[in-house]
Amino acid sequence: MFEDQHDKGRRNGKYLSAKLTEIEKELPFHLVGAGCDFYQYHIDRPFGYSAYQWIQTISGTGILEIMDKKIPVPGGHGMLLYPGTPHIYYAIEEPWTVSWITINGYHIENMLHYIGIKKSGVFSISEPPVMEAHIRKALQILSNPSEMTGLDGSVMAYQLLIYLYKYAVNNEKENHNLNSKRLQLVMNQIEKEMRTPLSIEQLAETAGVTSQYFCEIFKASTNQRPTEYINQRRIDRAKEMIINNPLKKIGKIAAEVGFESSSYFSTVFRKQEGLSPNKYREINL
Numbered sequence: 140m141f142e143d144q145h146d147k148g149r150r151n152g153k154y155l156s157a158k159l160t161e162i163e164k165e166l167p168f169h170l171v172g173a174g175c176d177f178y179q180y181h182i183d184r185p186f187g188y189s190a191y192q193w194i195q196t197i198s199g200t201g202i203l204e205i206m207d208k209k210i211p212v213p214g215g216h217g218m219l220l221y222p223g224t225p226h227i228y229y230a231i232e233e234p235w236t237v238s239w240i241t242i243n244g245y246h247i248e249n250m251l252h253y254i255g256i257k258k259s260g261v262f263s264i265s266e267p268p269v270m271e272a273h274i275r276k277a278l279q280i281l282s283n284p285s286e287m288t289g290l291d292g293s294v295m296a297y298q299l300l301i302y303l304y305k306y307a308v309n310n311e312k313e314n315h316n317l318n319s320k321r322l323q324l325v326m327n328q329i330e331k332e333m334r335t336p337l338s339i340e341q342l343a344e345t346a347g348v349t350s351q352y353f354c355e356i357f358k359a360s361t362n363q364r365p366t367e368y369i370n371q372r373r374i375d376r377a378k379e380m381i382i383n384n385p386l387k388k389i390g391k392i393a394a395e396v397g398f399e400s401s402s403y404f405s406t407v408f409r410k411q412e413g414l415s416p417n418k419y420r421e422i423n424l
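For the sequence shown, the working numbering gives the first residue as 140, with consecutive numbering after it.
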């Protein structure tokens, strides 16, 4: 009735899926599979998956890309994915270890709508151990098949929905507000320390996230890479100095706004403004 699955890239975990009977498939809720303590590798499903998925982070952090959004999935969080919804997820803080459960049934969508989960997304969990224990129990049921396994699995699928209702909070708005605060700290740092070398690692540390995730949320917010934004702000500052200090040498201004090379400063200036620093001064004086 059941088969062990060992997918490429997954290790140190166990996954079991049910071969449901035709009668069991007619239940309003049924358990499709469960997996515990999996090292999660990169997943790209342009057509989604065939069942409802609940994937919960045990350690590390992942990113869920869904509906043109990138949402982090750190510890204490999980993602609920509707069937047929295109999605991508991958680690940004490794090892990203997850436990998960898949369910199906003709009444699941109605139940999810009833409890307020109308679309796929990332959720923070107020009681992560309860959810983890539930997934382990589901895996245990699949590990010991019997005539009652289908019914027991149906109970587990229904109970998962109850736990989501009790413990899951949609994390999208919370995450947006948190990232806005993180980026404001970084913007303040850039304005104050513009004259000094600023590395991605430094800025990510200020934001309290990994370098990769910092670059992702920065680009999503500003539509620029961090280095592009920093150079833009340095050029803006340089333009003020060029006009307000007509006798100051361009090389001196370049150094004072944080460029280590006057030639690189001129290259960036020309790219942003369409003319050289000297020409800009000539036109505006």
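Where a beta carbon is used, it is the ideal one built from N, C-alpha and C, also for glycine.
Of all alpha-carbon atoms in Val-348, Tyr-228, Tyr-304, Ser-265, the one lying nearest the alpha-carbon of Lys-208 is that of Tyr-228. Your pair Thr-200 and Ile-231 checks out as a contact, with CB atoms roughly 6 Å apart and the cut at 8 Å. Going by DSSP, Glu-286 is part of no alpha helix (DSSP H) at all; its letter is neither H nor E. Between Tyr-180 and Pro-234, the CB-CB gap reaches or exceeds 8 Å. Linking Pro-267 to Gly-215 through their CA atoms gives a straight-line distance of about 6 Å.
For Asn-370, the closest C-alpha among the options Thr-361, Val-407, Ala-343, Ile-182 is that of Val-407. Of the residues Asp-176, Ala-346, Thr-236, the one whose Cα lies closest to the Cα of Leu-324 is Ala-346.
Between Leu-299 and Ile-242 a beta carbon distance of about 6 Å is seen, short of the 8 Å cut, so the two are scored as contacting.
In the DSSP secondary-structure assignment, Cys-175 is bridged to Lys-153. Following the DSSP letters along the chain, one finds Phe-168 in no alpha helix (DSSP H), marked with neither H nor E. For Gly-174 and Lys-153, the gap between their C-alpha atoms comes out near 5 Å. Sequence-distant partners of Ile-182 (beyond 5 residues in either direction) whose C-beta falls short of 6 Å from its own C-beta, in its chain, are Tyr-228.
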